[in-house]
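All residue numbers for the sequence shown refer to the numbering used here, where the first residue is 64 and numbers rise by one. Glycine included, C-beta positions come from ideal geometry on N, C-alpha and C. Keep in mind it's a predicted model, so treat the numbers as computed, not measured.
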Amino acid sequence: MPIITGAKVVVTCPGRNFVTLKIETDQGIYGLGDATLNGRELAVASYLQDHVIPCLVGRDAHRIEDIWQFLYRGAYWRRGPVTMSAIAAVDTALWDIKAKIAGLPLYQLLGGASRQGVMVYGHANGADIDATIDSARDYQQQGYRAIRLQSGVPGLASAYGVSKDKYFYEPADGDLPRENQWSTERYLRSVPELFERARGVLGNDVHLLHDAHHRLSPIEAGRLGRDLEPYRPFWLEDPTPAENQAGFRIIRQHTTTPIAVGEVFNSIWDCKQLIEEQLIDYIRTTVVHAGGITHLRRIADFAALHDVRTGCHGATDLSPVCMGAALHFDLSVPNFGVQEYMRHTPETDAVFPHAYSFADGYLHPGEEPGIGVDIDEAAAAKYPYRRAYLPVNRLEDGTMFNW
Ligand code: EZ4
Ligand code: CO
64 MPIITGAKVV
74 VTCPGRNFVT
84 LKIETDQGIY
94 GLGDATLNGR
104 ELAVASYLQD
114 HVIPCLVGRD
124 AHRIEDIWQF
134 LYRGAYWRRG
144 PVTMSAIAAV
154 DTALWDIKAK
164 IAGLPLYQLL
174 GGASRQGVMV
184 YGHANGADID
194 ATIDSARDYQ
204 QQGYRAIRLQ
214 SGVPGLASAY
224 GVSKDKYFYE
234 PADGDLPREN
244 QWSTERYLRS
254 VPELFERARG
264 VLGNDVHLLH
274 DAHHRLSPIE
284 AGRLGRDLEP
294 YRPFWLEDPT
304 PAENQAGFRI
314 IRQHTTTPIA
324 VGEVFNSIWD
334 CKQLIEEQLI
344 DYIRTTVVHA
354 GGITHLRRIA
364 DFAALHDVRT
374 GCHGATDLSP
384 VCMGAALHFD
394 LSVPNFGVQE
404 YMRHTPETDA
414 VFPHAYSFAD
424 GYLHPGEEPG
434 IGVDIDEAAA
444 AKYPYRRAYL
454 PVNRLEDGTM
464 FNW
């Protein structure tokens, strides 16, 4: 059996911060896990370094479930994004090790491929509707079958999801939180027009998605969902904050637009009622923020009982290590829906050489043993940590609001 001999945390900033756990074994085989929590990177690094790694040394790396239960059930302080990202990193690294020892790509250990490739959606955005539609056409020409549309809102200086760069969107853009401005009224007027015009230009064969980024009340979300119905969106994402899961009943009473939620969830308990009552259609929990492959499979199996499909978060703050692991999960899970995909910068790709690749609208994790993603530690060392925060959001009268 492979014994864990040590582990280390690598923090690197090739354009943005990433936290990576590397677990080593006495067989010379190591595994990697993503532990990046946007804007709180060092909290997870400390949790791992100071509190988790000392408990791992000497354990049998094959006992993935037992180590998961030790870190979750055994810790007394359960759940929370810092804890669950740390557990996720350990879990991902152990699956990587197990698959490398087996000599198989991870998806084979998860039951094998359920499909030929993983449908991904790209991010089209622009300062106004015309620019967003231009960007969407570009994605369509590259072969994307699903595209998220986010546009600047007339009257607002900045909007969630609108990037300065053509392809690379990075919301964590200040060494202290920048302030954005928000008006639900202006926003609710502009999104239906975006979708009406986009459907006209892009046609009916492409899936169109939209992220409301937790800015609406349930009744406002119901209204937006209803207004978008003629344009058949694939989903409306994060319509409202989900601490109050029962609030989604109100959305369901008003619209048939499919609902996706959960990129900020860290355990099955965050979505228990949402799934049980079939208040959502897609669950967005992903490997790094929801306890790793082990816990994500548990969520997906529970979701399958209630006709909920997966739609894993895949923004740039999820490292290539998370993306690789997510693709093995996506390829094998029966109730797969779609995978978010925002390309990383060339600097990030160079630090994390990977086997996954894009073709014809699909990503495939590749056939390398393990998760198929490595870290070049010498390259990583060239990019020291830089503090970076996500923005905060205020209403036009200065009231703090959801970002
Ligand atoms: O704002 O990943 O769907 N994607 C998103 C992202 C999130 C960031 C937060 O870390 O909502 O852009
Ligand atoms: Co989102």
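- At the C-beta level, Val384 and Thr83 come within 8 Å of one another.
- Inter-segment contact for the stretch 355-363 and the stretch 304-316 is absent: fewer than three beta-carbon pairs are separated by less than 8 Å.
- Taking the Cα positions, Thr99 is about 14 Å away from Ala156.
- Ile67 is positioned such that its CB atom lies closer than 8 Å to that of Ile86.
- Contact between Leu257 and Ile192 holds: their C-beta atoms lie close to 5 Å from each other, under 8 Å.
- Pairing Thr411 with Lys163, the inter-Cα distance amounts to about 23 Å.
- Taking the Cβ of Glu233 as the reference point, every heavy atom of the ligand CO lies at 7 Å or farther away.
- Close CB contacts of Pro217 within its chain, under the 7 Å cut and outside five residues either way in sequence, are with Arg249, Ser253 (chain order).
- In the displayed model, Leu359 falls within a helix according to three-state DSSP.
- DSSP, reduced to helix, strand and coil, places Trp140 outside both helices and strands of the structure shown, so it counts as coil.
- Just measuring C-alpha positions, the residue of Leu394, Trp131, Ser420 sitting nearest Ser148 is Trp131.
- For Ala70, there is no enclosing alpha helix (DSSP H); the residue is part of the beta strand (DSSP E) that begins and ends at 67-75.
- The closest CA to that of Leu172, considering only Glu403, Asp423, Phe464, Val396, is found on Val396.
- For the pair Ile338 and Phe297, the CB atoms are not nearer than the 8 Å cut-off.
- Counting only runs of at least 4 residues, the stretch 84-160 fully encloses the following alpha helix (DSSP H) elements, listed from N- to C-terminal order: 104-109, 116-119, 127-135.
- Counting every other CB atom within 10 Å of its CB across the protein chains shown gives Ser214 a total of 16 or more, marking it as buried.
- Residue range 192-204 is occupied by the alpha helix (DSSP H) that includes Ile196, with no beta strand (DSSP E) assigned at that position.
- Shown here, Val414 sits in a helix according to DSSP, grouped into three states.
- Ranked by Cα distance from Asp123, the first of Val145, Tyr135, Lys161, Arg141 is Lys161.
- Out of Pro65, Pro144, Arg200, the CA that lies nearest to the CA of Leu111 is found in Pro144.
- In its chain, beyond the 5 residues on either side, Pro432 have a beta carbon closer than 8 Å to the beta carbon of Gly166.
- Look at the stretch 309-355 and you find these whole runs of beta strand (DSSP E), each 3 residues long or longer: 322-324.
- Counting only residues of its own chain and dropping the five nearest sequence neighbours on each side, Asp393 has a CB closer than 6 Å to the CB of Val181, Phe399, Gln402.
- In the same chain as Gln341, and ignoring 5 residues on each side of it, the C-beta atoms closer than 6 Å to its own belong to His369, in chain order.
- The stretch 257-266 and the stretch 282-295 touch, with no fewer than 3 CB-CB distances between them shorter than 8 Å.
- The C-beta distance from Tyr452 to Gly237 rounds to 5 Å, short enough to fall under 8 Å.
- Here Ala389 is buried: its Cβ has 16 or more other Cβ atoms, across all protein chains shown, within 10 Å.
- Out of Pro302, Arg211, Ala422, the CA that lies nearest to the CA of Thr318 is found in Pro302.
- The criterion of a C-beta distance shorter than 8 Å is satisfied by His391 and Pro168.
- Ranked by Cα distance from Ala413, the first of Ile438, His427, Tyr404 is Ile438.
- Secondary structure of Gln244 (DSSP, three-state): strand.
- Distance from the CA atom of Ala222 to the CA atom of Arg241, rounded to whole angstroms, is 12 Å.
- Annotation: Phe392 is outside any beta strand (DSSP E); the continuous alpha helix (DSSP H) that includes it extends over 383-395.
- Distances taken from the Cβ of Asn80 to the heavy atoms of the ligand EZ4 include none shorter than 7 Å.
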